[in-house]
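K.L.:
First residue of the sequence shown: 4, per our numbering; consecutive thereafter.
Pasting a structure here, questions to come.
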Amino acid sequence: MDNFITEKLIELKDKGLIRRIKKVHGPQGKYINIDNKDVLLLCSNDYLGLANDQRLKDAAISAISEYGTGSGASRLVSGTMTPHIELEKAIRDFKNAEAALVFNSGYNANIGVITSLCDRNTEIFSDKLNHASIVDGITGSRASLRRYPHLDTDKLRELLKESKSKRKMIITDGVFSMDGDVTPLKKITELAEEFDALIYLDDAHGTGSVGSTGRGTTEVFNIKSNRIIEMGTFGKALGSFGAYVCASTEIIELIKNTARSFIYTTSLPPAVCAASVEAIKIINNDTERITRLQKNAELLREELNNRGIDTLNSTTQIIPAIIGPNHDAMKVSERLLIEGIFIQAIRPPSVPQGSARLRITVTSEHTEKELIESVEKIAGALK
Ligand SMILES: *Cc1c(COP(=O)(O)O)cnc(C)c1O
């Protein structure tokens, strides 16, 4: 074992893949403190600046006073408390869904839902750039897997046509976490109809961020289909923590009874649920925040493109700047930190080999000036 561990670490180091975890002092926000220096944060998923919002904090504090800190058990034992029920109602209403179930995190939701709805007799059709938690859920489900090239619905159609399986599930991110592009949901829904498949849509980065009122990828395409099972998270745009699945009452009933990552885990603390409820309330009443986020994303993309920086097909608040070699991406990120900007470099296996990048994200809270100045520094560092 000793040799195995040492050799593995050396291998990672040689490939430029050792990860160093940076410590942040104080709360999340558009400026964060790293090594006693305030730096502009351009890589967080706190897209609406809600992670340190006073209203969310008040909601959490008041839930702690009323319900305590821990939930004490799994939801199926004694851990279903009023805030869990309130959160499920709030997200169900927000998404205009028949039923909703809350999970402890997006990672847990993907593992739980996919293993619960798919088995050996299911064929899964998965976009090649889907999130790692989807990949792990698929592996755990033992379903047979066909991966299609990123966003390639022609290839997806071919695979669906070839399939002899009676049960088919198409799985896709709504907004792709490393590329910032959006799944062609209209076309995918048409294919699901044509080949009688279900769709599992992971909208971790879409919820609260895309669509004119932040309702996510389904709103971008104005699609409502009972073939879509939608998952999303509270830890990104909503500034809290945890995840939800929205689907028909019957599907939710099955997930509740069979998803191991729902059954065999202590449920979310009540304060976390209360903060999520508050976040949903805020974005329900304040679409201006979402509009600002979308405007900022557009501005940043345009400024980068004007300087010849390739941002792939991003149309959202996630904007990649492709670099290529791992060591180079790290160097650019380190250079920017010296200049007062924190953008994490993303390397394989989070992104395909040879496509290490800066994964830039904007929030509704950045100003035009901050973004324009950042682009100058990014362009300088890339040179
Ligand atoms: C972040 C993310 C998850 C995991 O969600 P957590 O709540 O952070 O565990 C799942 N899917 C996608 C696409 C994500 O980006």
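Ideal Cβ positions, reconstructed from N, Cα and C, are used throughout, including at glycine.
Owing to the predicted nature of the structure, the values given are computational and were not obtained by experimental measurement.
Following a CB-centred definition, is G242 positioned closer than 7 Å to any heavy atom of ligand 1?
P.N.:
To locate residue 242, count along the sequence shown from 1; it is residue 239. The answer is no for G242.
K.L.:
In angstroms, rounded to a whole number, what distance separates the CA positions of N133 and R360?
P.N.:
Working through the sequence shown from its first residue, we reach residue 133 at position 130. Working through the sequence shown from its first residue, we reach residue 360 at position 357. Cα to Cα, the separation comes out at about 17 Å.
K.L.:
Only counting runs of 3 or more residues, tell me where the beta strand (DSSP E) segments fall wholly within the region 76 to 147, in order along the chain.
P.N.:
Counting only runs that start and end inside the region 76 to 147, the beta strand (DSSP E) elements of at least 3 residues fall at 102 to 106, 125 to 130.
K.L.:
On the criterion of 16 or more Cβ atoms from any shown chain inside 10 Å, does I254 qualify as buried, or is it exposed?
P.N.:
Translated into the one-based positions of the sequence shown, residue 254 becomes position 251. Looking at its Cβ environment, which holds 16 or more other Cβ atoms inside 10 Å, I254 is buried.
K.L.:
If you run the structure through DSSP and keep just helix, strand and coil, what is N299?
P.N.:
Along the sequence shown, read from residue 1 onward, the residue named residue 299 stands at position 296. N299 carries a helical assignment under DSSP once its states are collapsed to helix, strand and coil.
K.L.:
What do you reckon, is the C-beta of Y203 under 7 Å from a heavy atom of ligand 1?
P.N.:
Within the sequence shown, residue 203 is the residue found at index 200, counting from 1. Y203 Cβ: outside cutoff for every heavy atom of ligand 1.
K.L.:
Closer than 7 Å: is that where the CB of D184 sits relative to any heavy atom of ligand 1?
P.N.:
Taking the first residue of the sequence shown as 1, we reach residue 184 at position 181. Checking the Cβ of D184 against ligand 1 gives no.
K.L.:
Based on the DSSP output, what are the partners of T175 in its beta bridges?
P.N.:
Counting from one through the sequence shown, the residue named residue 175 turns up at place 172. BP columns for T175 point to L204.
K.L.:
Nearest-angstrom Cα distance between G71 and P86?
P.N.:
Indexing the sequence shown from 1 puts residue 71 at position 68. Indexing the sequence shown from 1 puts residue 86 at position 83. Distance between the alpha carbons of G71 and P86: 12 Å.
K.L.:
Is it a yes or a no for the region 89 to 99 touching the region 292 to 301, going by three-plus beta-carbon pairs under 8 Å?
P.N.:
When C-beta atoms of the region 89 to 99 are compared with those of the region 292 to 301, fewer than three pairs fall below 8 Å, so the two segments do not count as touching.
K.L.:
Return yes when at least one heavy atom of ligand 1 lies under 7 Å from the C-beta of H134, else no.
P.N.:
What you label residue 134 is simply residue 131 of the sequence shown in a count that begins at 1. H134: yes, Cβ under 7 Å from ligand 1.
K.L.:
Cβ atoms of S264 and N111: under 8 Å apart, would you say?
P.N.:
Position 108 of the sequence shown holds residue 111. Position 261 of the sequence shown holds residue 264. Contact annotation: N111 and S264 have beta-carbon atoms nearer than 8 Å.
K.L.:
In the region 302 to 349, which residue ranges form an unbroken alpha helix (DSSP H) of at least 4 residues, counting only runs that do not cross its ends?
P.N.:
You should have 329 to 341.
K.L.:
For the region 133 to 152 and the region 95 to 102, state whether three or more C-beta atom pairs, one from each stretch, are separated by less than 8 Å.
P.N.:
no
K.L.:
With distances taken between CB atoms, is the gap from L385 to I325 smaller than 8 Å?
P.N.:
Within the sequence shown, numbered from 1, the residue matching residue 385 stands at position 382. Within the sequence shown, numbered from 1, the residue matching residue 325 stands at position 322. No; because the gap between Cβ atoms is not below 8 Å, this pair is not in contact.
K.L.:
When every heavy atom of ligand 1 is checked, does at least one fall within less than 7 Å of the C-beta of T236?
P.N.:
Along the sequence shown, one-based indexing puts residue 236 at 233. T236: yes, Cβ under 7 Å from ligand 1.
K.L.:
Which stretch, first to last residue, makes up the alpha helix (DSSP H) that contains T221?
P.N.:
Counting from one through the sequence shown, the residue named residue 221 turns up at place 218. Here the alpha helix (DSSP H) through T221 covers 220 to 224.
K.L.:
Indicate, with yes or no, if ligand 1 has a heavy atom lying under 7 Å from the CB of S108.
P.N.:
Here the question's residue 108 lines up with position 105 in the sequence shown. Yes, Cβ of S108 sits closer than 7 Å to a heavy atom of ligand 1.
K.L.:
Measure the beta-carbon distance from S243 to A278 and round it to whole angstroms, keeping in mind my assumption that it falls under 8 Å.
P.N.:
Within the sequence shown, residue 243 is the residue found at index 240, counting from 1. Within the sequence shown, residue 278 is the residue found at index 275, counting from 1. With 8 Å as the limit, S243 and A278 qualify as a contact, their Cβ atoms being about 4 Å apart.
K.L.:
Between which residues of its own chain and L241 is the CB-CB distance below 8 Å, once the five residues before and five after are set aside?
P.N.:
In the sequence shown, residue 241 corresponds to position 238, counting from 1. These residues qualify, in order along the chain: L51, L53, T210, G211, S279, A282, I283, I286.
K.L.:
Out of curiosity, what's the CA-to-CA distance linking I64 and K164?
P.N.:
Here residue 64 corresponds to residue number 61 of the sequence shown, with the count starting at 1. Here residue 164 corresponds to residue number 161 of the sequence shown, with the count starting at 1. A direct Cα-Cα distance of roughly 53 Å separates I64 from K164.
K.L.:
Could you check what DSSP says for V354 in three-state terms: helix, strand or coil?
P.N.:
Stepping through the sequence shown from its first residue, residue 354 is reached at position 351. In the three-state DSSP reduction, V354 falls in the coil class, being neither helix nor strand.
K.L.:
Provide the residue(s) that pair with M234 in DSSP beta bridges, ordered along the chain.
P.N.:
Taking the sequence shown and counting its residues from 1, one reaches residue 234 at position 231. Answer is D205, V248.
K.L.:
I want to check one thing, is the minimum distance from the CB of H369 to the heavy atoms of ligand 1 below 7 Å?
P.N.:
Taking the sequence shown and counting its residues from 1, one reaches residue 369 at position 366. Outside the cutoff, so no.
K.L.:
Which residues share a DSSP beta bridge with V42?
P.N.:
Within the sequence shown, residue 42 is the residue found at index 39, counting from 1. V42 pairs with I35.
K.L.:
Would you tell me roughly how many angstroms separate the C-alpha atoms of S387 and V275, rounded to the nearest one?
P.N.:
Only positions 4 to 386 of the chain appear in the structure, and residue 387 is not among them; the question remains open.
K.L.:
Am I right that S46 and R304 are in contact with their C-beta atoms under 8 Å? What's the rounded C-beta distance?
P.N.:
In the sequence shown, the residue the question calls residue 46 occupies position 43. In the sequence shown, the residue the question calls residue 304 occupies position 301. The amino acid at residue 46 is misidentified as Ser; the sequence shows Cys. That pair is no contact at about 16 Å.
K.L.:
From the DSSP output, read off the bridge partner residues of A359.
P.N.:
Numbered from 1 along the sequence shown, position 356 holds the residue referred to as residue 359. A359 pairs with G327.
K.L.:
Please identify the residue among N39, L43, I24, K26 whose C-alpha is closest to the C-alpha of K33.
P.N.:
By 1-based counting over the sequence shown, the position of residue 33 is 30. Closest by alpha carbon: L43.
K.L.:
Taking only three categories from DSSP, how would you classify Y70?
P.N.:
Position 67 of the sequence shown, counted from the first residue, corresponds to residue 70. It is helical.
K.L.:
Would N55 and Q31 be called neighbours here (beta carbons separated by less than 8 Å)?
P.N.:
Residue numbering aside, residue 55 sits at position 52 when the sequence shown is read from its first letter. Residue numbering aside, residue 31 sits at position 28 when the sequence shown is read from its first letter. Yes. Within cutoff.
K.L.:
DSSP puts V185 in a beta bridge; with which residues?
P.N.:
Working through the sequence shown from its first residue, we reach residue 185 at position 182. According to DSSP, V185 bridges with V178.
K.L.:
What residue range does the alpha helix (DSSP H) around R160 cover?
P.N.:
Taking the first residue of the sequence shown as position 1, residue 160 is located at position 157. Counting along the chain, the unbroken alpha helix (DSSP H) around R160 starts and ends at 156 to 165.
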